[in-house]
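Presented below is the structure to which this report refers.
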Amino acid sequence: MKKKKLSIKNILFLVVIALLIIPQTRTPIQVAINKLKVQIFSPSAFAKADQTQLEPFTYKVTSIDGLSRDAKIGQGKVTFISYWATWCPPCIAELPSIEKLYADYGNKVDFVLITNEEPDKVKRFLERKQLNIPAVLPQMETPEQLYERSIPTNYIIDKTGKIVIKEKGAADWNSDQVRETLDKLITG
1 MKKKKLSIKN ILFLVVIALL IIPQTRTPIQ VAINKLKVQI FSPSAFAKAD
51 QTQLEPFTYK VTSIDGLSRD AKIGQGKVTF ISYWATWCPP CIAELPSIEK
101 LYADYGNKVD FVLITNEEPD KVKRFLERKQ LNIPAVLPQM ETPEQLYERS
151 IPTNYIIDKT GKIVIKEKGA ADWNSDQVRE TLDKLITG
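For the sequence shown, the UniProt record's numbering begins at 1 and goes up steadily by one.
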């Protein structure tokens, strides 16, 4: 009996390893794991003393439809910046929460959701995932103070250019905590 239990455990272990090795199943499993993380983790604002002040600047971007626009950072409007990719499981996991936040705050906050991928690939991805977010492509180098080697990396920047929240990895951007922070920044 003990040998039988041991062999069943070994078989289950091998199945899990195989699922993680096979590319077609690896991404969905990683997305599912990251969705669990998103459900329990919400970003929080830095203490005022820890907030980095950016010099106001204009982030030149192009929509996936080819329309150029200037995102004015630190020039009177709260900004949500996200660096993401269609192949990134943590990015995929958190995009639905960003979409919900965008649906409610899109007129009050400038959402700049930056990817470096081909526009057609991004369009197909957004259609397949049924996401309505303003994905853009950068038309300039990432400013040094916003540069990170990992994605997703997200920022909430106040009207004057202070980085109030910086978060690497998947998180719940539609949480009460994030909404309260945005409400304070918008009215403040």
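Just so you know, even glycine gets a beta-carbon here, dropped at the ideal spot from N, CA and C.
Quick caveat, the model's predicted, so the values are computed rather than measured.
List the whole-angstrom C-beta distance separating Leu146 from Ile81, where the pair is believed to meet the contact cut-off of C-beta under 8 angstroms. 7 angstroms
Given Ile151 as reference, the closest of Thr115, Val109, Lys77, Val178 once Cα atoms are compared: Thr115
Taking just the CA atoms, how far does Gln139 sit from Ile8? 54 angstroms
Would you mind reading off the limits of the beta strand (DSSP E) that contains Arg69? 68-73
Tell me the rounded alpha-carbon separation between Thr79 and Ile73. 7 angstroms
Quick one: what's got a C-beta closer than 7 angstroms to Gln177's C-beta in the same chain, skipping five residues either side? Ser42, Ser44
Is the beta carbon of Val15 sitting closer than 7 angstroms to the one on Ile64? no
What residue range is occupied by the uninterrupted alpha helix (DSSP H) comprising Asp176? 176-187
Taking C-alpha atoms, which residue in Lys166, Asp172, Leu101, Phe111 lies nearest to Asp70? Phe111
Measure the alpha-carbon distance for Lys100 versus Asn174 and round it to whole angstroms. 6 angstroms
Cut-off 8 angstroms between Cβ atoms - residues of its own chain near Glu148, not counting five sequence neighbours on either side: Tyr83, Lys168
Could you pull out every unbroken beta strand (DSSP E) segment of at least 3 residues lying fully inside the UniProt domain "Thioredoxin" (48-187), listed in chain order? 57-63, 68-73, 79-83, 110-114, 135-138, 153-157, 162-168
For Phe13, three-class secondary structure by DSSP: helix
Assuming Ile163 and Leu95 make a contact with CB atoms under 8 angstroms, what is their CB distance in whole Å? Not really, about 21 angstroms apart at Cβ, beyond 8 angstroms.
Among Ile11, Thr86, Pro119, whose alpha-carbon lies nearest the alpha-carbon of Lys129? Thr86
Rounded to a whole number of angstroms, what is the C-alpha to C-alpha distance between Ala103 and Asp120? 23 angstroms
Applying the 10 Å Cβ sphere with the 16-neighbour rule, what's the burial state of Leu12? exposed
Under three-state DSSP, which class holds Pro43? coil
Examine the ligand MG and report whether any of its heavy atoms sits within less than 6 angstroms of the Cβ of Gln51. Judged by which ligands are present, the structure shown has none, so any question about the ligand MG falls away.
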